[in-house]
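*Asks:*
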Amino acid sequence: MVLNILIVLSFAFVLIFKSKRYLHMLQQNLYNENNRYLKWVFKNIRLFWDIDIFIMAVSLIGALVTYDLEKFSLLMGMTLIVLNFILGFSYRKKINTDQNKKPLVITKRVKRLIITISILYLIPVVLGILNIDNYQLVWWMMFMLSVMVFLNPFIVFLANIINHPYERGVYHYYKNKAQNKLENMPGLKIIGITGSYGKTSSKNILSDILNVRYNALPTPRNLNTYNGLIMTVNNHMDKFTDIFIAEMGAYVKGEIKGLCDLVKPKYGILTTIGTAHLESFGSEENIISGKFELIESLPSDGFAVLNGDDPKQVNYKLKNKVKTIWIGIDNKDVSVRACNIKCSSKGTSFDVVFDDSDEKHRFETKLLGKHNVYNILAGIACGREFGIEISELQAAVKMVKPVEHRLELKKLGSFYQIDDAYNSNPVGAKSACEVLGMMDGVKVVVTPGMIELGDKEKYYNKEFGKQIAKVADYVVLVGEKRTKPIYEGILSEGFDKDNIIVYNDVRDAYTFINSLTNGKEEVFALFENDLPDTYNE
Numbered sequence: 005m006v007l008n009i010l011i012v013l014s015f016a017f018v019l020i021f022k023s024k025r026y027l028h029m030l031q032q033n034l035y036n037e038n039n040r041y042l043k044w045v046f047k048n049i050r051l052f053w054d055i056d057i058f059i060m061a062v063s064l065i066g067a068l069v070t071y072d073l074e075k076f077s078l079l080m081g082m083t084l085i086v087l088n089f090i091l092g093f094s095y096r097k098k099i100n101t102d103q104n105k106k107p108l109v110i111t112k113r114v115k116r117l118i119i120t121i122s123i124l125y126l127i128p129v130v131l132g133i134l135n136i137d138n139y140q141l142v143w144w145m146m147f148m149l150s151v152m153v154f155l156n157p158f159i160v161f162l163a164n165i166i167n168h169p170y171e172r173g174v175y176h177y178y179k180n181k182a183q184n185k186l187e188n189m190p191g192l193k194i195i196g197i198t199g200s201y202g203k204t205s206s207k208n209i210l211s212d213i214l215n216v217r218y219n220a221l222p223t224p225r226n227l228n229t230y231n232g233l234i235m236t237v238n239n240h241m242d243k244f245t246d247i248f249i250a251e252m253g254a255y256v257k258g259e260i261k262g263l264c265d266l267v268k269p270k271y272g273i274l275t276t277i278g279t280a281h282l283e284s285f286g287s288e289e290n291i292i293s294g295k296f297e298l299i300e301s302l303p304s305d306g307f308a309v310l311n312g313d314d315p316k317q318v319n320y321k322l323k324n325k326v327k328t329i330w331i332g333i334d335n336k337d338v339s340v341r342a343c344n345i346k347c348s349s350k351g352t353s354f355d356v357v358f359d360d361s362d363e364k365h366r367f368e369t370k371l372l373g374k375h376n377v378y379n380i381l382a383g384i385a386c387g388r389e390f391g392i393e394i395s396e397l398q399a400a401v402k403m404v405k406p407v408e409h410r411l412e413l414k415k416l417g418s419f420y421q422i423d424d425a426y427n428s429n430p431v432g433a434k435s436a437c438e439v440l441g442m443m444d445g446v447k448v449v450v451t452p453g454m455i456e457l458g459d460k461e462k463y464y465n466k467e468f469g470k471q472i473a474k475v476a477d478y479v480v481l482v483g484e485k486r487t488k489p490i491y492e493g494i495l496s497e498g499f500d501k502d503n504i505i506v507y508n509d510v511r512d513a514y515t516f517i518n519s520l521t522n523g524k525e526e527v528f529a530l531f532e533n534d535l536p537d538t539y540n541e
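Following our numbering, the numbering of the sequence shown begins with 5 at its first residue and continues without gaps.
1) What residue does the beta strand (DSSP E) around residue 476 start on, and which one ends it?
2) Skipping 5 residues on each side, what residues in its chain have a beta carbon closer than 8 Å to that of residue 207?
3) If you measure between the beta carbons of residue 123 and residue 178, is that distance less than 8 Å?
4) State the start and end residues of the unbroken alpha helix (DSSP H) segment that holds residue 179.
5) Less than 7 Å between C-beta atoms, sequence neighbours within five positions excluded: which residues of the same chain meet that for residue 17?
6) Rounded to whole angstroms, what's the CA-CA distance from residue 165 to residue 35? Just pull it up for me.
7) Between residue 176 and residue 232, what straight-line distance do the alpha-carbon atoms span, to the nearest angstrom?
8) Using the beta-carbon count (16 or more within 10 Å), is residue 315 buried or exposed?
9) Would you mind reading off the limits of the beta strand (DSSP E) that contains residue 344?
10) Counting Cβ pairs, one atom from each stretch, are 3 or more of them under 8 Å apart for the region 356-372 and the region 180-199?
11) Let me make sure I understand the geometry here. Which of 6, 292, 403 has the alpha-carbon closest to that of residue 209?
12) State yes or no: is the C-beta of residue 411 within less than 8 Å of the C-beta of residue 528?
13) Taking the Cβ atom as the reference point for each residue, do residue 332 and residue 302 lie within a distance shorter than 8 Å?
14) With the cut-off set at 8 Å, would you say residue 384 and residue 407 are in Cβ contact?
15) Which residues bound the beta strand (DSSP E) around residue 274?
16) Could you pull the DSSP bridge partners for residue 201 from this structure?
17) Assuming residue 409 is part of the beta strand (DSSP E), what are its boundary residues?
18) How do the region 474-488 and the region 506-520 stand: do at least 3 beta-carbon pairs fall below 8 Å, yes or no?
19) Kindly indicate which three-state DSSP category residue 451 falls into: helix, strand or coil?
20) Would a C-beta distance cut-off of 8 Å place residue 531 and residue 455 closer than the cut-off?
21) Put residue 255 into one of helix, strand or coil per three-state DSSP.
22) Please report how far the alpha carbon of residue 227 lies from the alpha carbon of residue 493, in whole angstroms.
23) In chain order, what residues of the same chain have a beta carbon less than 8 Å from the beta carbon of residue 262, not counting five sequence neighbours either side?
24) Do residue 339 and residue 362 have their C-beta atoms closer together than 8 Å?
25) Check whether the region 114-121 and the region 152-169 touch, using three or more Cβ-Cβ pairs below 8 Å as the test.
26) In this structure, does DSSP put residue 222 in helix, strand or coil?
27) To the nearest angstrom, how far is the alpha carbon of residue 510 from that of residue 219?
28) Between which residues of its own chain and residue 350 is the CB-CB distance below 8 Å, once the five residues before and five after are set aside?
29) Where does residue 37 fall in DSSP's three states?
30) Going by CA-CA distance only, name the one from 325, 396, 317, 44 that's closest to residue 305.
31) Can you find the residues in the same chain that come closer than 7 Å, C-beta to C-beta, to residue 151, ignoring five residues on each side of it along the sequence?
32) With a threshold of 16 other CB atoms inside 10 Å of the CB of residue 53, please say whether the residue is buried or exposed.
33) Kindly indicate which residue of 533, 354, 186, 292 has the alpha-carbon position closest to the one of residue 240.
34) How many Å lie between residue 21 and residue 157 at the Cα?
35) Excluding the five sequence neighbours on either side, which residues of its own chain have a C-beta within less than 6 Å of the C-beta of residue 63, listed in chain order?
36) Could you tell me the distance, in whole angstroms, from the CA atom of residue 307 to the CA atom of residue 452?
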């Protein structure tokens, strides 16, 4: 009896940490939206598989032969307890060492999932209690429990399926509440922002600019899904809100249209169209048409801000007649253009020219990078349409706050970190390399490479390596296997092999960088994309 209780407790110990890990991944993968969670599971299911299988084997032996061998049963039971605690501590250590940008958030939905998962795992325990006098049957229940522990990723998924009808009801309740709230605010200006890259940066910059005159509410952090927009409207919007800035993300074609149907933006900004989420969209054509769903949802009395330096936007044939404001740097035939761009460790300065005047207006910002100039131009274009004076715009741009982990310049001890660790893509990585190249001093790039680029992932990472070789003095690659294309790209440019260092933990890079500081030259280290939440080498 005591042995059985200890075995059950050891299984509970495993499940606390294993379920936490897979609940985290379910949440990170938007509760399996577009099968994201299942795809991740099948790519990463082998974690500690050997211990799981050994536990099932011991349980099966116990069920088959120990019912009349008391001493052997005790040995099997103690072995099972030890193995469970080893597995539990392994998952605990994995959770503590995973480099996650965002921890598991214990929302009401997660609490409901925990209850459902617990009920599923209690089934074999209750069956064992009801048949406590049948020693062999108790061991079969132990075996059943060990199999369910092994299948924990799918038990979590099953709980998600079981809860789905209730969650849909919750979703529609809050959706209707948000839509009713928006309908009762007829004076509210709603701006949608989408694109393959730069949505969050553009949103935050626009908010800082518009808030010099208006009360602008941006979606918090990167809450750019249906639930994110609904939560923002219901929990953060009030009668004093003048402008709602809705960041809109998508993994498949049609999602942006659905978000537009939800909040009905009158104005729209399209940042840059690239290859982010190419695997889930299926093709570049789907990405382009998917992003333009925002612009083609706008009414004729609204306006759209488009990037005149993005050939995918310039060459697209709009299906509606919304007013279009083009911004650009290289293309001179635009409505709002930046020129004379200068970048330093203090930030970026540039001139802005409007198409209705030859006068140049000087702007300064703490932000780094050419792509941030595009985001600022979009904010300036919107602000001007909303009647904000140029002098106010200049003051607002100067006060724009750096976005966390997006080319954020920070002094860390003896070196400067250019933190671009939130996410990476071909366009952003190239821009980050350009920024690093403008700095005076020792230049280091730290990166595990780019992900979610489909069958072009190796190609883009190799090109990234070539770009790194042109600006860096030292390179730290995180993860030997996945950074192999970057390594090849760096060497193809004749880069010194001795100046390429490979680690499996990004934290080791800090020790190396600190060893480069000698007090004579400043050291700038670009951290381009941290290890993603759902990746394990």
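All C-beta atoms, glycine included, are put in the ideal place defined by N, C-alpha and C.
*Replies:* If we stick to the structure as given:
1) Counted as a single uninterrupted DSSP element, the stretch harbouring residue 476 is not any beta strand (DSSP E), since DSSP gives it neither H nor E.
2) Only 197, 222, 223, 249, 251 meet the Cβ criterion.
3) Not in contact: residue 123 and residue 178 (Cβ atoms no closer than 8 Å).
4) First-last of the alpha helix (DSSP H) with residue 179: 156-187.
5) Only 88, 89, 92 meet the Cβ criterion.
6) In a straight line, the C-alpha of residue 165 is about 10 Å away from that of residue 35.
7) Cα-Cα distance, rounded: 14 Å.
8) Exposed is the label assigned to residue 315, since fewer than 16 other Cβ atoms lie within 10 Å of its Cβ.
9) Annotation: the continuous beta strand (DSSP E) that includes residue 344 extends over 340-348.
10) Taking a contact to require three or more Cβ pairs closer than 8 Å, the region 356-372 and the region 180-199 do not qualify as touching.
11) If you compare the alpha carbons of 6, 292, 403 with that of residue 209, the shortest gap goes to 403.
12) No. Outside cutoff.
13) No, the pair does not count as a contact, with Cβ atoms beyond the cut-off.
14) It is not a contact, given that the beta carbons lie outside the stated cut-off.
15) Unbroken beta strand (DSSP E) run through residue 274: 271-274.
16) Beta-bridge pairing links residue 201 to 276.
17) First-last for residue 409: undefined, no H or E at that position.
18) A contact exists between the region 474-488 and the region 506-520.
19) Under the three-state reduction of DSSP output, residue 451 falls in the strand class.
20) Between residue 531 and residue 455, the C-beta gap is not smaller than 8 Å, which leaves the two residues out of contact.
21) In this structure, residue 255 counts as coil in the three-state DSSP scheme.
22) Their Cα atoms are separated by approximately 35 Å.
23) In its chain, beyond the 5 residues on either side, 230 have a beta carbon closer than 8 Å to the beta carbon of residue 262.
24) The Cβ atoms of residue 339 and residue 362 lie no closer than 8 Å to each other.
25) Because the criterion of three Cβ pairs below 8 Å is met, the region 114-121 and the region 152-169 touch.
26) Residue 222 falls in the strand class under three-state DSSP.
27) Using only the alpha carbons, I get a separation of about 40 Å.
28) Within the same chain, residue 350 has close Cβ partners 370.
29) DSSP places residue 37 in helix when its eight states are reduced to three.
30) Ranked by Cα distance from residue 305, the first of 325, 396, 317, 44 is 325.
31) The residues are 60.
32) A residue is called buried when at least 16 other Cβ atoms come within 10 angstroms of its Cβ; residue 53 does not meet this threshold and is exposed.
33) Comparing Cα-Cα distances from residue 240 to each of 533, 354, 186, 292, the minimum goes to 186.
34) Taking the straight line joining both Cα atoms gives about 12 Å.
35) Within the same chain, residue 63 has close Cβ partners 146, 147, 150.
36) The straight-line gap from Cα to Cα measures roughly 39 Å.
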